[in-house]
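Data block below; observations after.
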Amino acid sequence: MVTEINRIKHNPIFKSENKFFISYKPIFVEQLSTYISQNDICEHTILEPKSISENFYDALFNPKIDFYNMHICWLENADVKITFFLCSLFNSMLKSFLEYKKTDTNTKAIELITIFEILKKNFFTAISERDKITFDISPYMPKEKSISYLHNMYKLDRRIKFIVHNKMGTSHFETYIKQIGQYSAVIKVSNEQLLMIAENNNSFILKENSDEKNFSVKASILCTRKNTAIIKDIKELDDTPLISRKFPRAAIVHASIVHIANEDEYITGNMIDISEGGIGIVSSSKSQFTKGQDIVAFLSYEDPKNGLKFSFESSGIISSIIGKEHAFRYGIQLNLTQEEKTVIHKLVKTLSKSKEI
1 MVTEINRIKH NPIFKSENKF FISYKPIFVE QLSTYISQND ICEHTILEPK SISENFYDAL
61 FNPKIDFYNM HICWLENADV KITFFLCSLF NSMLKSFLEY KKTDTNTKAI ELITIFEILK
121 KNFFTAISER DKITFDISPY MPKEKSISYL HNMYKLDRRI KFIVHNKMGT SHFETYIKQI
181 GQYSAVIKVS NEQLLMIAEN NNSFILKENS DEKNFSVKAS ILCTRKNTAI IKDIKELDDT
241 PLISRKFPRA AIVHASIVHI ANEDEYITGN MIDISEGGIG IVSSSKSQFT KGQDIVAFLS
301 YEDPKNGLKF SFESSGIISS IIGKEHAFRY GIQLNLTQEE KTVIHKLVKT LSKSKEI
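The numbering used here numbers the first residue of the sequence shown as 1 and each following residue consecutively.
Below is the structure:
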């Protein structure tokens with residue numbers, strides 16, 4: 001039924017009457033938000049009722065936004081009264097459309113009534129089948145290039161690494177594609193990432209582990225209870241390796257902070273990987289740094305579990321820059337002393353060993 005809902009949304013009327021659907025959204029959202037708040041339907045989610053209502057409306061009526069089963073996961077605690085309330089919302093929307101088109105011919109009004117009846121029928125069936133997950137929710141619709149790529153990754157059973165960064169830190173999580181649509185995909189995220197996604201001013205990177213492809217993405221929470229997020233606007237980034245392959249490299253999993261500076265600029269970020277040849281960092285700050293530019297890096301890292309801690313300053317060169325709009329990831333080659341190389345070699349060895357376990 002989810003597949004059918006996504007097919008129905010491609011009826012030309014949703015495009016031709018786009019102004020109506022945009023104008024009616026605030027009314028629908030306000031009514032649904034009020035109902036959710038008054039009935040404590042989503043008391044266990046970190047999303048506000050308004051966000052839930054906006055996501056629900058867009059997924060149901062915007063043909064450019066995929067509708068997933070988990071768009072209605074907030075209905076799990078709802079009683080039978082919600083069905084009657086949702087029916088009243090749909091009926092009020094139809095009434096408003098008829099008034100909106102009163103000076104026009106009734107052809108489109110009749111068409112929308114028919115579409116709405118089909119949409120409502122499939123929607124209420126989808127509620128009863130919300131735990132029945134269909135991987136490809138738009139199997140017969142052309143997909144964006146990046147979505148097709150993720151679809152192939154799913155078929156090959158290949159993992160991806162989802163990286164969320166904000167000024168407080170960076171969180172990594174290895175996962176698989178859970179569901180896929182025309183314009184987006186669903187992934188599972190960690191509890192930490194779920195909270196970070198709920199905040200503003202985040203950067204997101206999707207990393208394909210096997211061949212080092214990197215993508216900037218936009219992410220939003222889909223279902224809090226199932227720790228799922230929607231990723232969309234997926235754009236492949238520069239595939240140049242962040243750090244030379246001459247030295248073994250390990251992902252950073254504990255608290256770190258890096259300051260990068262030259263005579264004109266100063267930014268702060270977090271390490272996401274490290275080797276004796278250099279580091280990869282993520283920062284939410286835009287910069288005017290360019291590839292090949294000399295910089296000074298101030299590094300600080302602490303791993304209480306393994307008793308590893310260091311802090312030092314080093315000169316270096318910007319070896320790569322990934323991301324211009326949604327994510328900013330820098331590769332930096334460092335000029336390390338032998339003592340510093342020994343410390344990092346030990347760190348990489350320890351992190352690599354921990355990953356194998």
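Glycine included, C-beta positions come from ideal geometry on N, C-alpha and C. Bear in mind the structure is a predicted one, so any value in this text is a computation, not a measurement.
Measure how close the beta-carbons of residue i and residue j come, nearest whole angstrom, since I'm counting them as under 8 Å.
i, j, result
"residue 223", "residue 87", "No, residue 223 and residue 87 are not in contact; Cβ-Cβ is about 24 Å, not under 8 Å."
"residue 277", "residue 6", "With 8 Å as the limit, residue 277 and residue 6 do not qualify as a contact, their Cβ atoms being about 47 Å apart."
"residue 217", "residue 233", "6 Å"
"residue 274", "residue 348", "7 Å"
"residue 360", "residue 57", "Residue 360 lies beyond the stretch modelled for the chain, which goes from 1 to 357, so this question has no answer here."
"residue 115", "residue 13", "6 Å"
"residue 65", "residue 94", "The Cβ separation is near 21 Å, so there is no contact."
"residue 306", "residue 350", "5 Å"
"residue 119", "residue 31", "The Cβ separation is near 18 Å, so there is no contact."
"residue 133", "residue 150", "No, residue 133 and residue 150 are not in contact; Cβ-Cβ is about 16 Å, not under 8 Å."
Within 10 Å of its beta-carbon, does residue i have 16 or more other beta-carbons around it, so buried, or fewer, so exposed?
i, result
"residue 299", "buried"
"residue 63", "buried"
"residue 91", "exposed"
"residue 139", "exposed"
"residue 152", "exposed"
"residue 295", "buried"
"residue 342", "exposed"
"residue 18", "exposed"
"residue 10", "exposed"
"residue 327", "Model confidence at residue 327 stands at a pLDDT of 49, short of 50, so the residue's coordinates are unreliable; what they give is reported in the following sentence. It counts as buried."
"residue 55", "buried"
"residue 38", "exposed"
"residue 170", "buried"
"residue 214", "buried"
"residue 281", "buried"
"residue 143", "buried"
"residue 336", "buried"
Please state whether the Cβ-Cβ distance between residue i and residue j is less than 9 Å.
i, j, result
"residue 283", "residue 230", "no"
"residue 227", "residue 270", "no"
"residue 154", "residue 260", "no"
"residue 316", "residue 333", "yes"
"residue 146", "residue 236", "yes"
"residue 272", "residue 345", "no"
"residue 46", "residue 219", "no"
"residue 175", "residue 163", "no"
"residue 285", "residue 297", "no"
"residue 97", "residue 20", "yes"
"residue 50", "residue 29", "yes"
"residue 193", "residue 135", "no"
"residue 52", "residue 33", "yes"
Cβ pair count under 8 Å reaching 3, the stretch 14-33 against the stretch 47-65: yes
The stretch 307-322 in contact with the stretch 285-292 per 3-pair CB rule at 8 Å: Yes, the stretch 307-322 touches the stretch 285-292.
Segments assigned alpha helix (DSSP H), at least 4 residues, entirely inside the stretch 155-207: 191-198
Segments assigned beta strand (DSSP E), at least 3 residues, entirely inside the stretch 8-81: none
In chain order, each alpha helix (DSSP H) run of at least 4 residues that lies wholly inside the stretch 316-350: none
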